[in-house]
Amino acid sequence: MKAIVLFSALLLAAAPALACRAPDNAVQAGPVSFAPQPSPIPLNKPFALQIAACAAKPDRIAVDATMPAHRHGMNYRTTVTQLAPGEFRAEGLLFHMPGEWEIVFDLFYGERRERQTHRVTLR
Amino acid sequence: MRRLALPVLLLPVAAGAVEFDAGERAIIESLGPWPPAIERDASNRLSGREEAIAFGAVLFDEPRFSGNGQVSCRTCHDPAKGWGDGMPVSTGLQRVDRNAPGLMNVALHRWFGWDGASDSLWSATLRPFLDAREMGGSIAKTATVIRKDATLSRCFAKATGEDAAALDDEAVFVAAGKALAAFQETLISPRTPFDDFRDALLAGKASGYPEAARRGLKIFIGSGNCVMCHTGPAFTNGEFHDIGLPFFMASGRPDPGRYEGIKRVKTSPFNLLSRYNDDPEQAGAFAVRHVDLQHRNWGEFKSPGLRNLAQTAPYMHDGSFTSLRDVIRHYSELDMDRLHENGEAILRPLGLSEDQAGDLEAFLLSLSPTTLPGQTATKRCDTE
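Chains A and B, in that order, are what the protein sequence lines are. Just so we're aligned, residue 0 is where the first sequence starts under numbering that gives the first Met the number 0, counting upward by one. Just so we're aligned, residue 0 is where the second sequence starts under numbering that gives the first Met the number 0, counting upward by one.
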């Protein structure tokens, strides 16, 4: 019995290193939690997003952003790398104008795509 | 010191000064401080080095790199003309298609040239050497001139710590561009009446900033939406926009602008993804790595910084507007049919009255210094 308790405790201790974890100070957007780096998102400077989708882990994620009122997007294309199951990092974002931006997350589960958006205003 | 003719700034301040709310004050704060802190360019090992700056100043005036031995950087970037040439489009060995932008504050940019075909100041500096219509030189010729001239080769060694004779032609060529960039990084424009007003406003102090300029500032950051693209202390977001200017150049050919610029920077042997980037982290390569070629880039040109406008007429990438009032009239009476159908939905005709146009002009002129520093005597690069 003691051995089982000890084994369970060891498993629990190891769990945080293995589990899908939302980034620190993350913003929640539906199934996606994300944190910009640097934070807050700077105007006209490059930034990255640390992303987690832990409830249902997508195979891959695509990230883009637009200014809906201006009918344009970024001048840069992001690259997304998977860090661990459910955890991703998007590089190559730059918001070159002040105003309202919409970050678009496309989560791919096999053939199925789920879209999540989040709006943020830069001054 | 040279005094500029800015009569609009000498108008007396009328009673009932224009006020700015908290949101406007936040935007005004973002347009400074000035002068800004200039960070060393990590991609250029010569950036900020005194010996390289002195060497770059000498190279800037050196005509022997050109095809006919008569064209130097200064030919199109004259300090007495805001480091431009005062012409609608420039003439080196031949007439080119675009206006020579002034070099003041060029260190603050992310992209270089009207089409952003370069992603570093040093690589942008190399381009005119090789353009047949500008300097018409070559990599080999540049290296040979430096190696054969005792002063230049000595200055090269002091600036780079290397012997030009021991390097291949391309390495000497790139190092010359980096010394030229180190020199240009020092070209920071003086403070302006706007800077004094901004600082006074934030400190809650009185200012003699003219009413017309204040009203123009309100238009600039408010109804005019100018600040969408002309952001930050340098008054530019450094990105590219279609503003409804004709696509065709004087030659009758279309100017693809940013569309071609992206293709060129991606394939340049001197971009920040190349072996000539001195930054092991390649942090500055973000832009060329991620920039996205889109159809809407056709006919887009870089938003210029707005400091020193009083010195840098004529305006626009093609030099088609001779006065600031012409520029303001363009935006006031904008022909929407000239804009990309699938492009940005930012611009609309401002419909300014003559008084409002005058106010906006007064503000824009307040972004130029009232006095200009005389040309600094160039420190000789071969002296101790």
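Just so you know, even glycine gets a beta-carbon here, dropped at the ideal spot from N, CA and C.
Quiz item: In its own chain, which residues sit with a C-beta less than 6 Å from the C-beta of C75(B), not counting the 5 before and 5 after it?
Solution: For the purposes of this step, residue 75(B) is taken as the residue at position 76 of the second sequence. Correct list, in chain order: D84, S89, A99.
Quiz item: Is Y75(A) buried or exposed, if buried means 16 or more other CB atoms sit within 10 Å of its CB?
Solution: Working through the first sequence from its first residue, we reach residue 75(A) at position 76. Y75(A) should be labelled buried.
Practice problem: Taking C-beta pairs closer than 7 Å, name the residues in chain A that G231(B) reaches, listed in chain order. | Solution: Taking the second sequence and counting its residues from 1, the one referred to as residue 231(B) is at position 232. Simply N43.
Quiz item: For the beta strand (DSSP E) that contains P35(A), what are its first and last residues?
Solution: Sequence index remark: in the first sequence, residue 35(A) carries index 36 (1-based). Residues 31-36.
Quiz prompt | Reduced DSSP secondary structure (H/G/I, E/B, other) of I102(A) | solution = Within the first sequence, residue 102(A) is the residue found at index 103, counting from 1. Note: I102(A) maps to strand in three-state DSSP.
Quiz item: In this structure, what does DSSP give as the bridge partners for D77(B)?
Solution: Translated into positions along the second sequence, residue 77(B) becomes position 78. Partner(s): G83(B).
Quiz item: Contact between the segment 263-278 of chain B and the segment 32-51 of chain B: three or more CB pairs below 8 Å?
Solution: yes
Quiz item: What number of angstroms, rounded off, separates the C-alpha of G98(A) from the C-alpha of I26(B)?
Solution: Within the first sequence, numbered from 1, the residue matching residue 98(A) stands at position 99. Within the second sequence, numbered from 1, the residue matching residue 26(B) stands at position 27. One C-alpha to the other measures close to 12 Å.
Quiz item: Alpha carbon to alpha carbon, how far is D430(B) from M86(B)?
Solution: Because chain B spans 0 through 383 in this model, residue 430(B) falls outside it and cannot be assessed.
Quiz item: Using Cβ-Cβ distances below 9 Å, what residues of the segment 65-95 of chain A are close to chain B?
Solution: M66, A68, H69, R70, H71, G72, M73, N74, Y75, R76, T77, T78, E90, G91, L92, L93, H95
Practice problem: Identify each residue in the segment 97-126 of chain B for which the Cβ-Cβ distance to at least one residue of chain E is less than 7 Å, and report them in chain order. | Solution: In the displayed structure, chain E is absent; the protein chains listed are A and B.
Quiz item: According to a CB-to-CB cut-off of less than 8 Å, which residues of the segment 27-52 of chain A neighbour chain B?
Solution: L42, N43, P45
Exercise. Quick one: residues in its chain with C-beta nearer than 8 Å to the C-beta of K132(A), no 5 flanking neighbours on either side, listed in chain order?
Key: Because residue 132(A) is not part of the residues shown, which for chain A are 0 to 122, the question remains open.
Exercise. Taking all protein chains shown into account, decide if F59(B) is buried (16 or more other Cβ within 10 angstroms of its Cβ) or exposed.
Key: Counted from its first residue, the second sequence places residue 59(B) at position 60. When all chains shown are included, F59(B) counts as buried.
Practice problem: Look at the Cβ atom of G22(B), then the Cβ atom of R197(B), and state whether they are nearer than 8 Å. | Solution: Here the question's residue 22(B) lines up with position 23 in the second sequence. Here the question's residue 197(B) lines up with position 198 in the second sequence. Not a contact, by the Cβ cut-off of 8 Å.
Quiz item: Can you tell me whether DSSP reads V26(A) as helix, strand or coil?
Solution: Taking the first sequence and counting its residues from 1, the one referred to as residue 26(A) is at position 27. Reduced to three states, the DSSP call for V26(A) is strand.
Quiz item: Among residues of its own chain, excluding the 5 on either side of V7(B), which ones have a beta-carbon nearer than 6 Å to its beta-carbon?
Solution: Here the question's residue 7(B) lines up with position 8 in the second sequence. In this prediction, V7(B) scores a pLDDT of 42, lower than 50, which makes its location untrustworthy; the coordinate-derived value is nonetheless stated afterwards. Excluding sequence neighbours, V7(B) sits near A361, L364.
Practice problem: Note down, in chain order, all residues in the segment 13-43 of chain B with a beta-carbon under 7 Å from any beta-carbon belonging to chain A. | Solution: A25
Quiz item: How would you call F234(B), buried or exposed, if buried means at least 16 neighbouring beta carbons within 10 angstroms?
Solution: Counting from 1 along the second sequence, the entry for residue 234(B) is found at position 235. The residue is buried, with at least 16 neighbouring Cβ atoms inside 10 Å.
Quiz item: Taking all protein chains shown into account, do 16 or more other C-beta atoms lie within 10 angstroms of the C-beta of K217(B), making it buried, or fewer, making it exposed?
Solution: Residue 217(B) sits at position 218 when you count from the first residue of the second sequence. When all chains shown are included, K217(B) counts as buried.
Practice problem: Pick helix, strand or coil for A199(B), following the three-state DSSP scheme. | Solution: The sequence position of residue 199(B) within the second sequence is 200, counting from 1. In this structure, A199(B) counts as helix in the three-state DSSP scheme.
Quiz item: Going along the chain, which residues of its own chain have a beta-carbon closer than 7 Å to the beta-carbon of P62(B), five neighbours each way excluded?
Solution: Sequence index remark: in the second sequence, residue 62(B) carries index 63 (1-based). Result list for P62(B): G68, Q69, V70, S71, in chain order.
Exercise. Going by CA-CA distance only, name the one from A156(B), L107(B), Q93(B) that's closest to R132(B).
Key: Here residue 132(B) refers to the residue found at position 133 when the second sequence is read from its first residue. Among A156(B), L107(B), Q93(B), the Cα nearest to that of R132(B) belongs to Q93(B).
Quiz item: Beta carbon of W121(B), beta carbon of L102(B): below 8 Å?
Solution: Here the question's residue 121(B) lines up with position 122 in the second sequence. Here the question's residue 102(B) lines up with position 103 in the second sequence. No; because the gap between Cβ atoms is not below 8 Å, this pair is not in contact.
Quiz item: Using 8 Å as the limit for Cβ to Cβ distance, is R59(A) near chain B?
Solution: The residue given as residue 59(A) occupies position 60 in the first sequence. Taking Cβ atoms only, chain B never reaches closer than 8 Å to R59(A), which makes this a no.
Quiz item: With Q115(A) and L121(A) assumed to form a contact (beta carbons below 8 Å), what rounded beta-carbon distance in angstroms separates them?
Solution: Position 116 of the first sequence, counting from 1, holds the residue named residue 115(A). Position 122 of the first sequence, counting from 1, holds the residue named residue 121(A). Rounded, the Cβ-Cβ distance is 20 Å, inconsistent with contact.
Quiz prompt | Alpha-carbon to alpha-carbon, I187(B) and G55(B) | solution = The residue given as residue 55(B) occupies position 56 in the second sequence. The residue given as residue 187(B) occupies position 188 in the second sequence. Cα to Cα, G55(B) sits roughly 16 Å from I187(B).
Self-check item: Range covered by the beta strand (DSSP E) that runs through F247(B)
Solution: Start at 1 with the first residue of the second sequence, and residue 247(B) comes out as number 248. Taken as a continuous stretch (DSSP letters only), F247(B) belongs to no beta strand (DSSP E), as it is neither H nor E.
Quiz item: What is the rounded straight-line gap between the Cα of L333(B) and the Cα of R347(B)?
Solution: Translated into the one-based positions of the second sequence, residue 333(B) becomes position 334. Translated into the one-based positions of the second sequence, residue 347(B) becomes position 348. Approximately 7 Å between the Cα atoms of the pair.
Quiz prompt | Spatial neighbours of G260(B) in its chain, beta-carbon cut-off 6 Å, leaving aside the 5 residues before and after | solution = As a working note, residue 260(B) is residue 261 in the second sequence. Result list for G260(B): D114, G115, A116, in chain order.
Quiz item: Where DSSP assigns a beta bridge to F454(B), which residues make up the other side?
Solution: Shown here, chain B extends from 0 to 383; a query on residue 454(B) therefore has no answer.
Self-check item: I60(A) - DSSP class collapsed to helix/strand/coil
Solution: Against the first sequence, residue 60(A) aligns to sequence position 61. Reduced to three states, the DSSP call for I60(A) is strand.
Quiz item: If A21(A) and A51(A) are in contact, beta carbons under 8 Å, what's the gap, nearest whole angstrom?
Solution: If you number the first sequence from 1, residue 21(A) lands on position 22. If you number the first sequence from 1, residue 51(A) lands on position 52. The pair is a contact, with the Cβ atoms about 5 Å apart (cut-off 8 Å).
Self-check item: Amino acids of chain A, ordered along the chain, whose beta-carbon sits closer than 9 Å to that of F285(B)
Solution: Taking the second sequence and counting its residues from 1, one reaches residue 285(B) at position 286. What F285(B) touches in chain A: P45, Y75, E90, G91, L93.
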